[in-house]
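Participant:
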Amino acid sequence: MSSIPQLNICDPRYLRNDPRCFAKNTTALHRRAACMRALHQGLDRLNGWLVARRPQAPVVSTRADLQELAALDPGALHGPLERIELAFTPDYLSKPGADRFTFRSAAPSGDPDNDKVHGIRWRAGPERGDAAVIMLHGGFAASFMAEKLFAQPFLAAGMDVFAIALPWHMERAPAASAYSGQYLLGGDVPRLVRGFAQGTQDAAVLAAALRGSGYSRVFAGGISLGGNIAAQLARLAELDGLYMLIPAADPHVTIWQTPIGAGIVRAARLAGFADDHVARAMRLITPRLLEPPRTKAARMVIVHGEHDLLCPPGPISALAEDWNIRNVRRLPAGHRTFGLHIFKVRRMLAEFMRNLAPIGGLKP
1 MSSIPQLNIC DPRYLRNDPR CFAKNTTALH RRAACMRALH QGLDRLNGWL VARRPQAPVV
61 STRADLQELA ALDPGALHGP LERIELAFTP DYLSKPGADR FTFRSAAPSG DPDNDKVHGI
121 RWRAGPERGD AAVIMLHGGF AASFMAEKLF AQPFLAAGMD VFAIALPWHM ERAPAASAYS
181 GQYLLGGDVP RLVRGFAQGT QDAAVLAAAL RGSGYSRVFA GGISLGGNIA AQLARLAELD
241 GLYMLIPAAD PHVTIWQTPI GAGIVRAARL AGFADDHVAR AMRLITPRLL EPPRTKAARM
301 VIVHGEHDLL CPPGPISALA EDWNIRNVRR LPAGHRTFGL HIFKVRRMLA EFMRNLAPIG
361 GLKP
């Protein structure tokens, strides 16, 4: 005698018809989502707490320096693009196909170390490729290790990859620095604001130099701090494509309103910098407040984490809406856990860039 199978009321086949099952599954999904959100945001809070405990660089700017910046309109720190010459030398510490290069910063700060831009190029083949991608690193990066990992599918698609050190990072950090980026992401708000603008100018002159040297397509993109620089770059240069990963779309929100900025805020207030002057100065490096971008919205991609506490979704969505960027991907990640998705993100972006047709000349 065959037994009659017992029905499970939470079997997906009966989910539509049984309200008890629907309620039970919905509650379980909400609990799981809440747990995952707490995990992602907990790691962001831990990261913020650790960063806030780091020693701060000396504050040398004055309150008058900050007030001068606060009186400027967004875009005032972006000057005309200059021509630069790139000098390449083989990077003997890397595999064949890597070259180091340097050039003079387009917006000098007065510090000789910071005003010499260092970078590396990974070639897709034995000779120079037809397309180039400029990659902009995140805050406190001490090397190009992340960019080297991210570059692989771009190289496989035949694109040369260029990575540059942003202001006050890596070789551009003064000898007195305790860590890479200390002199940029610190309580000296005028130095921070001018450093963001300097990094944008440096990326823009590099893009123009690559176009002028014969690359038919020039792309750019960055992560976190580099995502902000990439967005500002979109205002200065018409690129073939541009990506922003978990971008610091509103630096005032990221630094003044999230856990990662606690040490910076404390140091800035000790230096006598008023919060309202800081907020006005930060407008100079908030991309959506600048003039409309020269890079077309259809050629831009934003990828960010829906649980990100450090570069939260709100300012990113505001940037996308103001610039009419439709290609926006939200992933179930925080700022620190975004790396869990990096392999699929890099493949997606490389494929997107590879399929974009050239736009033609880059106008200075």
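Number 114 in our numbering belongs to position 114 of the sequence shown; there are no gaps in the numbering.
Every residue gets a Cβ at the ideal spot worked out from N, C-alpha and C, and that includes glycine.
Everything numeric in this text was worked out from a predicted model, so none of it was measured.
Please determine if the region 117-136 and the region 180-193 are in contact, where contact requires at least 3 C-beta pairs separated by less than 8 Å.
Facilitator: No, the region 117-136 is not in contact with the region 180-193.
Participant: Assuming A208 contacts A231 (C-beta within less than 8 Å), just tell me the rounded distance between them.
Facilitator: Actually they do not touch by this definition, with Cβ atoms about 18 Å apart.
Participant: Please return the same chain residues whose Cβ sits closer than 8 Å to the Cβ of S109, not counting the five positions on each side in sequence.
Facilitator: Cβ neighbours of S109 within its own chain (closer than 8 Å, five residues either side excluded): D115, P167, R191, R194, G195, Q198.
Participant: Using C-beta distances below 7 Å, list every residue in its chain close to L319, excluding the 5 sequence neighbours before and after it, in chain order.
Facilitator: A231, A249, P287, R288
Participant: Among residues of its own chain, excluding the 5 on either side of P315, which ones have a beta-carbon nearer than 6 Å to its beta-carbon?
Facilitator: A249, D250, V253
Participant: Give the straight-line distance between the Cα atoms of P12 and A156, rounded to the nearest whole angstrom.
Facilitator: Note on P12: pLDDT 49, under 50, position unreliable in the model; the coordinate value appears next. Each residue's Cα considered, the two are about 42 Å apart.
Participant: From the DSSP secondary-structure annotation, give me the bridge partner or partners of K116.
Facilitator: R104
Participant: Rounded to a whole number of angstroms, what is the C-alpha to C-alpha distance between R371 and E85?
Facilitator: Residue 371 is absent from the model: the chain starts at 1 and stops at 364.
Participant: From the DSSP output, in three-state form, read off R123 for me.
Facilitator: coil
Participant: Could you give the C-beta distance for R83 and D99, rounded to a whole number, given that I count them as a contact under 8 Å?
Facilitator: With 8 Å as the limit, R83 and D99 do not qualify as a contact, their Cβ atoms being about 20 Å apart.
Participant: Give me, in chain order, the residues of the same chain whose beta-carbon lies closer than 6 Å to that of R329; leave out the 5 immediate sequence neighbours on both sides.
Facilitator: Cβ neighbours of R329 beyond the five flanking positions: V303.
Participant: Is the distance from the Cβ of R63 to the Cβ of G261 below 9 Å?
Facilitator: In this structure, G261 does not lie closer than 9 Å to R63 by Cβ.
Participant: How would you write the range of the alpha helix (DSSP H) that H335 sits in, first residue to last?
Facilitator: Where H335 is concerned, there is no enclosing alpha helix (DSSP H), given that its DSSP letter is neither H nor E.
Participant: What are the partner residues of D160, as DSSP defines its beta bridges?
Facilitator: A132
Participant: Along the chain, which unbroken stretches of the alpha helix (DSSP H) at least 4 residues long are found entirely within the region 48-82?
Facilitator: 63-70
Participant: Buried or exposed: T200, going by 16 or more other Cβ atoms within 10 Å of its Cβ?
Facilitator: buried
Participant: Does the beta-carbon of D160 have 16 or more other beta-carbons within 10 angstroms, so that it is buried, or is it exposed?
Facilitator: buried
Participant: Determine the burial state of F219: buried for a count of at least 16 other Cβ atoms within 10 Å of its Cβ, exposed for fewer.
Facilitator: buried
Participant: With respect to the alpha helix (DSSP H) encompassing G97, which residues constitute its N-terminal and C-terminal limits?
Facilitator: Looking at the DSSP string, G97 is not in any alpha helix (DSSP H), and its letter there is neither H nor E.
Participant: Assuming L206 and F162 make a contact with CB atoms under 8 Å, what is their CB distance in whole Å?
Facilitator: 7 Å between Cβ atoms; contact.
Participant: Do P358 and W323 have their CB atoms nearer than 9 Å?
Facilitator: Contact: no.
Participant: So within the region 288-357, which uninterrupted alpha helix (DSSP H) runs reach at least 4 residues, ignoring any that extend past its ends?
Facilitator: 313-323, 342-354
Participant: Enumerate in chain order the residues of its own chain whose CB-to-CB distance from P55 is below 7 Å, with the five nearest sequence positions on each side excluded.
Facilitator: The answer, listed in chain order, is A178.
Participant: For A367, which residues in the same chain have their Cβ closer than 6 Å to its Cβ, ignoring the five residues on either side in sequence?
Facilitator: Residue 367 is absent from the structure shown; the chain starts at 1 and stops at 364.
Participant: Do T258 and L309 come within 9 Å of each other at the CB atom, strictly closer than that value?
Facilitator: yes
Participant: May I ask you to check if the CB of P247 is nearer than 8 Å to at least one heavy atom of the ligand HEM?
Facilitator: Ligands are entirely absent from the displayed structure, and the ligand HEM is therefore not among its contents.
Participant: Quick one: grab the DSSP three-state call for I84.
Facilitator: coil
Participant: Name the one or two DSSP bridge partners that L245 has.
Facilitator: I223, V303
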